[in-house]
Amino acid sequence: MRYAETGYNLEIDLSRGNIEKVETDPKLMENYLGGQGVAAKILWDRVPPGTDPFSPDNLLIFSAGLLHGTPVPGCNRTAVNTFSPQTNLLAHSLMGGFFGPELKHAGYDRIVIKGKAPDLVYLWINNDKVEIRDATHLRGKGTHETARLIREELKEPYAQVAAIGLAGENRVYTASIEHGFSSAARGPGPVMGDKRLKAIAVRGTKDVYVAHPEELFQLCIELRKKIAESDDVGDWMAVDEDDSFHHNHFAWGNARTRQKNYWSKELQERWTRWKYDHMDRQVGCYNCPKKCVNVISWPGQKRFGYKCYGKDTYHMAAFKELDYSYQILGPAMEYGLDSYSTPQVLAFAVELYEAGILTDQDLPDFPSDSGERIRYLLEKVVRREGIGDILANGVYHAARQIGKGAEKYDHNTTKKFEQLPIKLGKLNPPYFLMIATGEKMAITQIEGSFPQDPIPDMEERLAFVKKWEVVLPDEKFKKYFLEWEKRHEISNEASCAITDWNEAMHYLDDSAGFCGFLSSFRGQFGGGVVYHINNMPYIISLATGMDLDKDGLWRIFQRNRNLVRALNVRRGLRREDERPPEDHWAVRDHEFEQKLLDDYYTFKGWTKDGIPTKETLDSLGLEYVSEDFLRRGILTGNESTPSKETPAQKDEELKSGGR
Amino acid sequence: MKSEVVKKVVKTIKVNLDKCNGCRACEMACSAFHAEPKYSSINPARSRIRVVTDPLNDEYVPIRATDYTKAGCDGRRVYTINGKEYSECSFCGTICPTRDLFKDPDSGLPLKCDLCNNDPPLEEPMCVQACSLDALTYEETEEEEIEELKLDEMEIGLKSLIDKYGLQKLADSFARMSQKG
Numbered sequence: 001m002r003y004a005e006t007g008y009n010l011e012i013d014l015s016r017g018n019i020e021k022v023e024t025d026p027k028l029m030e031n032y033l034g035g036q037g038v039a040a041k042i043l044w045d046r047v048p049p050g051t052d053p054f055s056p057d058n059l060l061i062f063s064a065g066l067l068h069g070t071p072v073p074g075c076n077r078t079a080v081n082t083f084s085p086q087t088n089l090l091a092h093s094l095m096g097g098f099f100g101p102e103l104k105h106a107g108y109d110r111i112v113i114k115g116k117a118p119d120l121v122y123l124w125i126n127n128d129k130v131e132i133r134d135a136t137h138l139r140g141k142g143t144h145e146t147a148r149l150i151r152e153e154l155k156e157p158y159a160q161v162a163a164i165g166l167a168g169e170n171r172v173y174t175a176s177i178e179h180g181f182s183s184a185a186r187g188p189g190p191v192m193g194d195k196r197l198k199a200i201a202v203r204g205t206k207d208v209y210v211a212h213p214e215e216l217f218q219l220c221i222e223l224r225k226k227i228a229e230s231d232d233v234g235d236w237m238a239v240d241e242d243d244s245f246h247h248n249h250f251a252w253g254n255a256r257t258r259q260k261n262y263w264s265k266e267l268q269e270r271w272t273r274w275k276y277d278h279m280d281r282q283v284g285c286y287n288c289p290k291k292c293v294n295v296i297s298w299p300g301q302k303r304f305g306y307k308c309y310g311k312d313t314y315h316m317a318a319f320k321e322l323d324y325s326y327q328i329l330g331p332a333m334e335y336g337l338d339s340y341s342t343p344q345v346l347a348f349a350v351e352l353y354e355a356g357i358l359t360d361q362d363l364p365d366f367p368s369d370s371g372e373r374i375r376y377l378l379e380k381v382v383r384r385e386g387i388g389d390i391l392a393n394g395v396y397h398a399a400r401q402i403g404k405g406a407e408k409y410d411h412n413t414t415k416k417f418e419q420l421p422i423k424l425g426k427l428n429p430p431y432f433l434m435i436a437t438g439e440k441m442a443i444t445q446i447e448g449s450f451p452q453d454p455i456p457d458m459e460e461r462l463a464f465v466k467k468w469e470v471v472l473p474d475e476k477f478k479k480y481f482l483e484w485e486k487r488h489e490i491s492n493e494a495s496c497a498i499t500d501w502n503e504a505m506h507y508l509d510d511s512a513g514f515c516g517f518l519s520s521f522r523g524q525f526g527g528g529v530v531y532h533i534n535n536m537p538y539i540i541s542l543a544t545g546m547d548l549d550k551d552g553l554w555r556i557f558q559r560n561r562n563l564v565r566a567l568n569v570r571r572g573l574r575r576e577d578e579r580p581p582e583d584h585w586a587v588r589d590h591e592f593e594q595k596l597l598d599d600y601y602t603f604k605g606w607t608k609d610g611i612p613t614k615e616t617l618d619s620l621g622l623e624y625v626s627e628d629f630l631r632r633g634i635l636t637g638n639e640s641t642p643s644k645e646t647p648a649q650k651d652e653e654l655k656s657g658g659r
Numbered sequence: 660m661k662s663e664v665v666k667k668v669v670k671t672i673k674v675n676l677d678k679c680n681g682c683r684a685c686e687m688a689c690s691a692f693h694a695e696p697k698y699s700s701i702n703p704a705r706s707r708i709r710v711v712t713d714p715l716n717d718e719y720v721p722i723r724a725t726d727y728t729k730a731g732c733d734g735r736r737v738y739t740i741n742g743k744e745y746s747e748c749s750f751c752g753t754i755c756p757t758r759d760l761f762k763d764p765d766s767g768l769p770l771k772c773d774l775c776n777n778d779p780p781l782e783e784p785m786c787v788q789a790c791s792l793d794a795l796t797y798e799e800t801e802e803e804e805i806e807e808l809k810l811d812e813m814e815i816g817l818k819s820l821i822d823k824y825g826l827q828k829l830a831d832s833f834a835r836m837s838q839k840g
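As structure tokens, then:
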């Protein structure tokens with residue numbers, strides 16, 4: 001018997017209409033846990049690097065986390081992975097809700113989808129009965145409307161549905177996959193549309209087993225209580241109505257304009273009233289007592305849910321207030337659009353119009369009101385109508401397709417992907433590394449265990465550390481934090497270790513299925529997360545029966561991290577792509593930054609070009625990667641890790657700016 | 660007619676719909692507790708409590724399985740509460756043929772809530788323990804009930820035979836008839 005995992009993949013070939021239930025190798029769990037880790041291994045094995053993201057040979061993988069369906073609270077985030085048409089790299093995507101646990105109960109750890117259906121279809125997974133069904137009647141339907149219609153026609157009110165809307169059908173690069181009030185963004189939406197897969201409905205009524213049931217269950221009662229009672233986990237933005245942080249510090253419009261004194265008491269009162277006058281309740285995801293999702297019924301709109309910073313992006317792109325976002329979030333959810341990247345694309349177009357690069361010919365009857373403009377553009381993009389067809393490819397590609405100097409307005413992308421609209425003064429070195437080298441594309445998916453800033457008040461800082469101590473992988477982090485004075489002054493050694501730890505927790509969350517609000521993302525705020533490197537091994541051991549300790553789990557992180565790196569390196573990712581937006585910080589020091597990047601690559605056991613060395617790969621049991629790299633000439637076999645280079649060599653490199 | 664006052668402990672799980680966040684931890688915990696052996700498997704489909712969920716209608720109603728019935732009702736009553744429409748099925752714990760709820764997914768047999776009857780007894784049923792939001796709360800109240808000692812049909816018949824023939828004669832006849840079998 002397999003514990004925690006079901007031991008089966010569901011393999012779907014949409015071109016041939018083939019469906020198979022395939023038993024998996026137990027070694028996959030031991031080496032990669034599950035979720036995104038195993039998905040990366042499947043993509044490595046089965047999608048050759050030359051594969052176009054819109055090729056039928058690209059795979060779209062929906063993975064349950066290893067601990068989904070077990071009693072472990074707050075384990076419910078489904079990973080969706082594929083190769084993204086926007087970045088041509090691995091798409092990292094996660095959605096909360098109920099999908100992953102339901103999939104486990106249907107008897108599968110993941111769904112691996114290849115091929116392309118001749119016309120729009122949806123997948124119906126009812127335990128062992130799996131069907132590819134016609135979805136032409138759902139064409140153009142909203143994501144929630146689709147879910148409702150599917151449940152009705154299947155007479156399965158308990159089916160969990162993940163669907164794309166019009167944006168996904170039209171392969172808009174910023175399209176999301178929507179499931180309940182959760183959504184999976186950053187790449188898989190357009191690929192799902194390309195495969196002509198409108199939705200997946202899952203119903204599962206099978207048992208999930210764990211290795212040490214009673215111990216795990218009792219532990220989970222305590223964990224749940226802790227999660228419920230603690231303010232250090234979950235989305236504090238659901239209850240803290242003071243959102244001066246985003247509005248005063250983030251840049252409005254096309255990540256351009258800061259309004260440092262925007263927030264006021266009067267504004268907060270008005271917005272709070274708008275929220276609570278129209279909020280039905282706050283809901284959570286499977287088996288989690290937190291209430292991160294605000295459910296709003298705004299007059300004339302369908303109910304919609306949002307969490308975190310998702311409520312700010314549309315009105316900040318349009319220079320409007322919260323009521324503007326409340327009017328647009330519902331329709332955007334039905335269209336299936338990512339609320340992080342989409343508004344930036346739209347605001348980018350507004351800038352181009354104001355600069356005269358886009359004209360009335362490109363934007364016939366373009367309104368004058370900033371809010372109406374965003375709305376106008378959104379409708380164009382979703383339908384790929386006129387200029388919308390170009391804008392639908394995201395800022396980076398659109399800028400190059402439009403030309404005429406539009407490239408200059410693409411100032412906030414890294415690896416061709418829209419970054420959070422943050423524009424700051426002095427460099428924060430760990431953030432430089434995270435934005436540069438992160439392969440989860442958004443900083444929120446990389447940062448989190450170590451605070452963003454030194455807490456100025458020493459007493460407060462000590463109080464933070466007191467809660468934070470138990471989550472540390474190593475004592476040195478305490479030292480780094482206590483000795484940290486100015487944000488931009490921190491040693492390279494500390495920056496490398498901090499980046500590594502921040503990443504580690506996300507990689508573990510995304511393979512085991514833990515939610516970042518209980519773990520990887522949240523430690524920086526409050527310090528007292530419920531899941532961390534010191535208790536994860538025990539929890540995973542109880543569930544799986546694996547003999548896993550802290551070092552073993554850390555190695556799994558390193559393996560998954562290097563495998564994701566390798567996937568992207570094999571598709572062409574190199575050092576020159578590891579470049580945060582030029583204006584992310586006002587004060588830049590190229591030499592310092594490149595030295596920091598060198599140090600980080602060394603720390604990671606990567607070459608100067610950011611390629612994992614044979615030594616690094618082999619030490620993690622990734623010999624099949626190093627062999628592939630040697631065969632392709634990505635590695636020559638003569639690389640030494642930069643640490644082994646002579647000082648003279650290093651000086652040479654520095655003079656040439658690192659590369 | 661004789662009657663006497665008896666004390667009864669009434670156990671109930673109260674449901675506060677306003678506090679439910681729809682997480683379904685109650686289902687998970689119920690299925691674990693009722694697994695054989697205890698906690699050995701998780702499967703909300705085997706749970707005796709289910710959260711009826713319709714997010715677009717802001718509907719989150721935990722209902723507990725009550726009794727089995729062979730026939731379903733028409734289920735057509737619709738209630739509007741605070742502007743939201745609820746089907747009566749949303750509040751109904753009856754295990755009936757018209758819906759796929761509270762039936763063991765393998766055998767189809769009804770699954771009835773027993774308030775986690777256990778030896779030793781639990782402090783609270785497992786679903787209540789799993790609900791950290793107090794949408795589910797457990798309550799034990801002691802109620803005094805006047806129980807009338809009513810004679811049942813057979814006793815009424817025997818009593819009239821005694822009145823007519825006397826107790827001894829009836830006893831003799833009963834003994835004789837029982838020996839004959």
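Going down the list, the protein sequences come from chains D and L. Be aware that the first sequence starts at 1, since it is given in this note's numbering, and climbs by one per residue. Be aware that the second sequence starts at 660, since it is given in this note's numbering, and climbs by one per residue. Yeah, the Cβ is synthetic: ideal placement off N, Cα and C, and Gly gets one too.
In the DSSP assignment, find the beta strand (DSSP E) that holds V202/D and state where it starts and stops.
197-203 is the extent of the beta strand (DSSP E) around V202/D.
For D598/D, tell me which candidate among R575/D, P580/D, E483/D has the shortest Cα-Cα distance.
Its Cα nearest to that of D598/D, the residue R575/D stands out among R575/D, P580/D, E483/D.
Is R281/D helix, strand or coil when you go by DSSP?
In this structure, DSSP gives R281/D an extended state, which the three-state scheme calls strand.
Are the Cβ atoms of G253/D and A349/D separated by less than 8 Å?
Taking 8 Å as the Cβ cut-off, G253/D and A349/D do not qualify as a contacting pair.
Below-8 Å beta-carbon distance, K225/D vs any chain L residue
Chain L, which has a Cβ nearer than 8 Å to the Cβ of K225/D, makes this yes.
By the 10 Å Cβ neighbour count, where 16 or more other Cβ atoms means buried, how is G657/D classified, buried or exposed?
Any answer about G657/D is weak, because its pLDDT of 40 lies below 50 and its placement is not dependable; what the coordinates show is given next. Its Cβ having fewer than 16 others within 10 Å, G657/D is exposed.
What is the rounded straight-line gap between the Cα of D651/D and the Cα of K595/D?
Because D651/D sits at a pLDDT of 45, beneath the cut-off of 50, its placement in the model cannot be relied upon, and the point is left open.
Give, in chain order, every residue of the region 700-725 of chain L whose Cβ lies closer than 9 Å to some Cβ of chain D.
Answer set for the region 700-725 of chain L: S700, I701, N702, P703, A704, R705, R709, V711, T712, D713, P714, L715, N716, D717, Y719.
Could you list which residues in chain D have their beta carbon closer than 7 Å to that of S646/L, in chain order?
For chain L, the structure presents residues 660 to 840; residue 646/L sits outside this window and is missing.
Just checking, does the region 486-503 of chain D make contact with the region 427-440 of chain D on the three C-beta pairs under 8 Å criterion?
As far as the Cβ criterion goes, the region 486-503 of chain D touches the region 427-440 of chain D, which means the pair count is three or higher.
Boundaries (first-last residue) of the alpha helix (DSSP H) holding N502/D
Its alpha helix (DSSP H) spans residues 492-512.
Closest Cβ-Cβ distance between R683/L and chain A: below 8 Å?
Going by chain labels, chain A is absent from the structure shown, which instead holds the protein chains D and L.
Alpha carbon to alpha carbon, how far is C682/L from F98/D?
Using only the alpha carbons, I get a separation of about 9 Å.
Which runs of the alpha helix (DSSP H) at least 4 residues long sit entirely within the region 222-308 of chain D? Give them in chain order.
Unbroken alpha helix (DSSP H) stretches of 4 residues or longer found wholly inside the region 222-308 of chain D: 244-249, 265-278, given in chain order.
Report the CB separation of F557/D from Y507/D in whole angstroms; it is logged as a contact under 8 Å.
Contact between F557/D and Y507/D holds: CB atoms are separated by about 5 Å, below the 8 Å threshold.
For F464/D, is the classification buried or exposed, using 16 other Cβ atoms within 10 angstroms of its Cβ as the cut-off for buried?
F464/D should be labelled buried.
Relative to chain L, which residues along the region 59-90 of chain D have a C-beta separation below 8 Å, given in chain order?
Here the close residues are G69, T70, P71, P73.
Consider the Cβ of Q788/L: report whether some Cβ of chain D lies at a distance smaller than 8 Å.
Among the residues facing chain D, Q788/L is included, as its CB has a counterpart in that chain under 8 Å away.
At what residues does the beta strand (DSSP E) containing V665/L begin and finish?
Note, V665/L: beta strand (DSSP E), 662-674.
Just to make sure I have the definition right: I need the residues of chain L whose C-beta is within less than 9 Å of the C-beta of V295/D. Which are they?
Near V295/D (Cβ distances below 9 Å), the residues of chain L are P714, D717.
Secondary structure at Y122/D, three-state DSSP: helix, strand or coil?
Y122/D: strand per DSSP, three-state reduction.
Given a cut-off of 8 Å on the beta-carbon distance, is the pair G330/D and Q361/D in contact?
No, the Cβ-Cβ distance between G330/D and Q361/D is not below 8 Å.
Whole-angstrom distance between A40/D and I19/D, CA atom to CA atom:
So the two alpha carbons sit approximately 21 Å from each other.
Would you say the region 475-491 of chain D touches the region 533-551 of chain D, given that touching needs at least three Cβ pairs under 8 Å?
Result no; under three Cβ-Cβ pairs closer than 8 Å.
CB P85/D to CB P53/D, shorter than 8 Å?
For P85/D and P53/D, yes; Cβs fall inside 8 Å.
Taking K302/D as the query, report the chain L residues whose CB atoms sit under 9 Å from its CB, ordered along the chain.
Chain L residues near K302/D: L715.
Can a CB atom of chain L be found closer than 8 Å to the CB of R384/D?
It does not; no Cβ of chain L falls within 8 Å.
Should V80/D go down as buried or exposed, given a rule of 16 or more other Cβ atoms within 10 Å for buried?
By the neighbour-count criterion, in which a residue is buried when 16 or more other Cβ atoms sit within 10 angstroms of its Cβ, V80/D is buried.
In three-state DSSP terms, what is A436/D?
Residue state, collapsed to three classes: helix.
Separation of L216/D from E222/D, as counted between CA atoms:
Roughly 10 Å between the two C-alpha positions.
Checking contacts by CB at 8 Å: is M836/L closer than that to chain D?
Cβ-Cβ to chain D under 8 Å: no for M836/L.
So is V669/L buried or exposed if we call it buried at 16+ other beta carbons inside 10 Å?
With fewer than 16 other Cβ atoms within 10 Å, it is exposed.
Just to confirm, is the Cβ distance from N76/D to Y314/D under 8 Å?
A distance of 8 Å or more separates the beta carbons of N76/D and Y314/D.
Determine the DSSP secondary structure at F450/D, reduced to helix, strand or coil.
In the three-state DSSP reduction, F450/D falls in the coil class, being neither helix nor strand.
Three-state secondary structure assigned by DSSP to T613/D:
T613/D falls in the coil class under three-state DSSP.
Nearest CA to the CA of G193/D: which residue from R203/D, D207/D, S176/D?
The shortest Cα separation from G193/D among R203/D, D207/D, S176/D belongs to S176/D.
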